[in-house]
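Protein chains in written order, with this note's numbering: chain E, 8 to 336; chain F, 790 to 1074; chain G, 518 to 769.
Note that the Cβ used here is the ideal one computed from N, Cα and C, for glycine as well.
What follows is a single structure, written as structure tokens, with notes after it.
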Amino acid sequence: MTAAPQIEVPGGAAAAPPRVTRGRGLLVAVAVLVVLAAAPLFLAPFATTTLTRIVVFALFAVSLDLLVGVTGMPSLGHAGYFGAGAYAAGWVSINVTAEAPVPLLVGAVFGALAAALTGWVTVRSSGVFFLMLTLAIGETLQQVADSWESVTGGANGLAGIPATRVAGTALANPGYTYWYVLVAATLGVALVVLLARSPFGAALRGIRDNEPRMRALGYPTALYKYAVFVVAGSAAGAAGALLIAQQRLVTPADLGFMTASFALLAVIIGGAGSLWGACLGAALVIIVRDALGPSLDGHGTLVLGIAFVLVVYLLPRGAAGVRLFRRRT
Amino acid sequence: MVVSILNGFAIGFLLFVLAVGLSLVFGMMDVLNLAHGALFLGGAYLGAALSGGWGGFLTALAVAAVAGALAGGVLSLMTEPLRNRTHLDQALLTLGVALVVAELLIMVFGDDPLSVDAPPGLDGSVTLLGAVYPSYRLVIIGIGAVLALVVWLVVERTRVGALVRATVADREMVATLGVDNRLVKVAVFAVGSALATAAGVLGGPIYGARPGLDAAVLILALVVVVIGGLGSVRGALVGALVIGQVDTFGRVLLPDLASFILFAALAIVLVVRPQGIFSGPVGAR
Amino acid sequence: MTVLRCAGLSRSFGALKAVDDVDLTVEPGARHALIGPNGAGKSTLFKLVTGTMRAAAGTVELNGQDVSRRSEVQRCRLGMSQTMQHASLFASMTATETVALAVQRHSGRRIGLLPRSRPEVRARAEQLLADVGLAGRSNVVVPSLAHGERKQLEVALALACNPSLLLLDEPAAGMSPAERARLVELVQGLPAEITVLFVEHDLDLVFALADAVTVLHLGRVLLSGTPAEVRASEAVREAYLGTRRREELFGS
């Protein structure tokens, strides 16, 4: 007889993740948005650009948190869909039109497509196997970007992407670009949050906590996992479209292991499952990597790696905050 | 054709040396060591730094083995406090270490890819069965086969090996038997890591050393481990040889789709037989 | 029409025949117990009925419909629901949220993609909690519930699926006598439209609740009948105590 799986009481008394009341949470969110919207009026262009990158990464991290924190699917290959969206949006901007919202929609669609094509395999696995499989997918997508020179520009990436146009005018100014990115990302994050708070989201949390029990309740869990995988891929692809709106460039590295790891770090530092926590984590990662990087000789990655190690040791509820893997008793 | 097959075996044996440590650590301790690729890269850079002569080559191998063993020991100790946390926590810890090591290597060796020469005498080719074949790859096959034999003998024929196999099969049972296998766990981690670093040195003339190589070989090693079954030496060998052939033929026949073929192989195995080809009835986790 | 009819169910693990050509019929409204000594194959048979495990041979019919090829997800939708022995449930949810998950699945409406307050789901969840005796514990998170309370929550979950056949896997395991008594009350109070099949080790509980008993031994059906018949059976006593084997070993 196998030992009965224990219910962990991680962190002691407060076993469930902290529940911010709806009203208060909304108020805080609106306040934050107002501050963010006003920011370019007070910041230097470089700071505004960094803030833009934070917002882009925040949408990306939130899409990953939907997978990792809400549904319990720890993916190390999510950057693949981020990059797929970026490349698609970039290609369309160069060859078809850069008029918003076309690149954004193309990014979202291609992120979803890439996730749909690769996801059907991954959702049949879980835990560490899922991690490995997603790692392989991300790496594969990076290699595709690296070798398909005619479309992706090969190792040098897709450069010279024209600025996104809103109502005919190109967003040449960092401030205007930032506002476009802020609006789009806010929409994306809001949609993900709404989904997580819906009955569907409750089912995802059930799958995270105890998938076999959900199946015994009549939930086709593989279908749910596939669906959320595609949705998360779509959100990541949209974030990719926003990346090229700001950066005007996408390279194979944006699909790679490093990018995927940083996103996972952002999710975990912020507390997996809370979604808004992923935004905070994203801010931290970008600030360390881009803003502090130059003063660290460009080795912000080193600090982040060390931070990763420390976070895993120090987080009382474990890195993921809730039980993702069955623990052997 | 023969050249391709022999090439495939060379890659395969190299992959075995790399992956067997990952497989045993995962099988014994349920720890997915994501820093395993970084170990390989460390060895590759070591080989690049000391390349140019037999002295350099052998020194690099020796230093790599020692450094790898030390690194493995340290990793084992680092994951020990997380023994009662989830497997994800342990995997993430090794991920953090992988990032740190990768960045340290860039700090020391720079961003540019380095190439490594085979030691003198082995950098030529021999004529074998009417085809001209690089002698270094033949040597790799030889070394790989010998190491495979040694590992297999240790795991199958010694008491320590029996302990390893028992822990892979049923960790809790071994614990209830009152056997203290902590030292064995550290040893397996250390030896497995030493093999990975040595594989980096051996693979230098074939793969060189560059940032990003750690992620690429980590994937290959993971594919081998998944296909061969966790904790199985035989599985790691067969998996590695198969992947070696698949990868080599993929590059020859469909160079742009080589990575797809690898992913397809992984996907097929996971769909058809998720516990790997060689896992016994208790293999699946 | 019988609620459950299993014919010729078999499942082996390597050389071990865990379930060997088992026939099992459960009549509508019955409280049918499945008993047998350790290793008899009860857990495996349970899994074959729920669909968690696929049978190597044999058929399972639910309300006259052949569900042998259906997954456990589909069988649940067709009216079969189960409790799980280890009651591991959902560690991040309160009791109400847990039951609401089951209610929303079986309410006949689609699972919404946008947040919506559904008072009728919450009301039904709270009602079910009250039915199983967890009335004051709605907002308690699962890890803070006592073991007995978690078993009660399991029953609430299973009832939320609107089953015609309710399968209980060792519902009394690990319970104190007081909790056991509450469980008996609970099962006795279930409406007659719900047929109950339960696996249980506690024979006192079995004879208190069951009106039909099937005894498994070494993967085969030893006896199927009323509790009185099973109680009186020499063969069943031998299976549990192994008298015959002792005689074989040591002579008379």
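Looking at the C-beta of residue i, does it have a partner C-beta in chain G at a distance below 9 Å?
| i | result |
| --- | --- |
| Ser154(E) | no |
| Tyr187(E) | no |
| Thr193(E) | no |
| Asn102(E) | no |
| Tyr88(E) | no |
| Phe207(E) | yes |
| Pro219(E) | yes |
| Tyr320(E) | no |
Shortest alpha-carbon distance to residue i belongs to which of the options?
| i | options | result |
| --- | --- | --- |
| Gly208(E) | Thr159(E), Val235(E), Ala223(E), Gly225(E) | Val235(E) |
| Val590(G) | Val238(E), Val237(E), Gly225(E), Ser205(E) | Gly225(E) |
| Val723(G) | Pro708(G), Ile711(G), Ala698(G) | Ala698(G) |
| Gly92(E) | Val116(E), Leu73(E), Gly79(E) | Val116(E) |
| Arg1040(F) | Arg296(E), Arg255(E), Gln150(E) | Gln150(E) |
| Leu287(E) | Thr56(E), Arg31(E), Ala65(E) | Ala65(E) |
| Gly175(E) | Ala242(E), Asp216(E), Val109(E), Ala36(E) | Val109(E) |
| Pro694(G) | Cys678(G), Leu674(G), His664(G), Ala709(G) | His664(G) |
| Arg60(E) | Val316(E), Phe315(E), Val295(E), Pro206(E) | Val295(E) |
Could you round the C-beta distance between residue i and residue j to whole angstroms and report it? I think they count as a contact, below 8 Å.
| i | j | result |
| --- | --- | --- |
| Gly247(E) | Gly118(E) | 6 Å |
| Val732(G) | Val716(G) | 12 Å between Cβ atoms; not a contact. |
| Asp69(E) | Ala285(E) | Residue identity differs from the one stated: residue 69(E) is Val in this sequence, not Asp. Val69(E) to Ala285(E), Cβ: 5 Å. Contact. |
| Asp537(G) | Ala524(G) | Not quite, the Cβ-Cβ distance comes to about 13 Å (not below 8 Å), so this is no contact. |
| Ala239(E) | Leu83(E) | Not confirmed; about 13 Å, so no contact. |
| Tyr922(F) | Val915(F) | 6 Å |
| Val890(F) | Gly831(F) | 7 Å |
| Leu188(E) | Gln254(E) | Residue 188(E) is actually Val in this sequence, not Leu. About 11 Å separates the two Cβ atoms, so there is no contact after all. |
Leaving out the 5 sequence neighbours to the left and right, which residues in its chain are closer than 6 Å to residue i when beta-carbon positions are compared?
| i | result |
| --- | --- |
| Gly581(G) | Met518 |
| Val584(G) | Val577, Arg592 |
| Pro25(E) | The predicted position of Pro25(E) is uncertain, since its pLDDT is 47 and thus under 50; no value can be drawn from it. |
| Ala44(E) | none |
| Ser840(F) | Val905, Asp906 |
| Ala107(E) | Thr171, Val173 |
| Met879(F) | The question names Met, yet the displayed sequence has Gln at residue 879(F). Around Gln879(F): Val820, Thr868, Leu871. |
Can you name, in chain order, every residue of its own chain whose Cβ lies under 7 Å from the Cβ of residue i, other than the five neighbours on each side?
| i | result |
| --- | --- |
| Ser769(G) | Residue placement at Ser769(G) cannot be trusted, given a pLDDT of 47 that sits under 50; what the coordinates show is reported in the next sentence. Excluding residues within five positions, none has a Cβ falling inside 7 Å. |
| Ala725(G) | Val701 |
| Val1035(F) | Ile1050, Leu1051, Ala1054 |
| Gly933(F) | Phe802, Leu803, Phe805, Val806 |
| Pro680(G) | Gly596, Met597, Ser598, Ile711 |
| Leu850(F) | Ala987, Val990 |
| Ala21(E) | Because the pLDDT at Ala21(E) is just 34, under 50, the model does not fix this residue reliably, and the value given afterwards should be weighed accordingly. So the list is empty, once near-sequence residues are dropped. |
Beta-carbon of residue i versus every beta-carbon of chain F: anything under 9 Å?
| i | result |
| --- | --- |
| Glu146(E) | yes |
| Arg212(E) | no |
| Thr78(E) | no |
| Phe117(E) | no |
| Leu256(E) | no |
| Pro81(E) | yes |
| Ser281(E) | no |
| Ile313(E) | yes |
| Ile275(E) | yes |
| Ala298(E) | no |
Below 8 Å CB to CB, which residues in the same chain sit around residue i once its five sequence neighbours on both sides are set aside?
| i | result |
| --- | --- |
| Ile930(F) | Leu795, Phe798, Ala799, Phe802 |
For residue i, decide whether its Cβ has a neighbour in chain E, counting only Cβ atoms nearer than 9 Å.
| i | result |
| --- | --- |
| Phe1052(F) | yes |
| His825(F) | no |
| Ile628(G) | yes |
| Pro923(F) | no |
| Glu892(F) | yes |
| Leu762(F) | For chain F, the structure presents residues 790 to 1074; residue 762(F) sits outside this window and is missing. |
| Met896(F) | yes |
| Phe1049(F) | yes |
| Glu666(G) | no |
| Gln621(G) | yes |
| Ala460(G) | Absent from the model: residue 460(G). The displayed extent of chain G is 518 to 769, so no value can be given. |
| Leu606(G) | yes |
| Val1015(F) | yes |
| Leu903(F) | no |
| Pro1070(F) | Residue placement at Pro1070(F) is flagged as unreliable, the pLDDT there being 41, under the threshold of 50; the coordinate-derived value follows with that caveat. No - not a single Cβ of chain E is within 9 Å of the one on Pro1070(F). |
**Study point:** Within the segment 525-575 of chain G, ranges of the alpha helix (DSSP H) (whole runs, at least 4 residues)
**Key:** 559-567
Review point. Along the chain, which unbroken stretches of the alpha helix (DSSP H) at least 4 residues long are found entirely within the segment 126-161 of chain E?
Key: 134-154, 156-159
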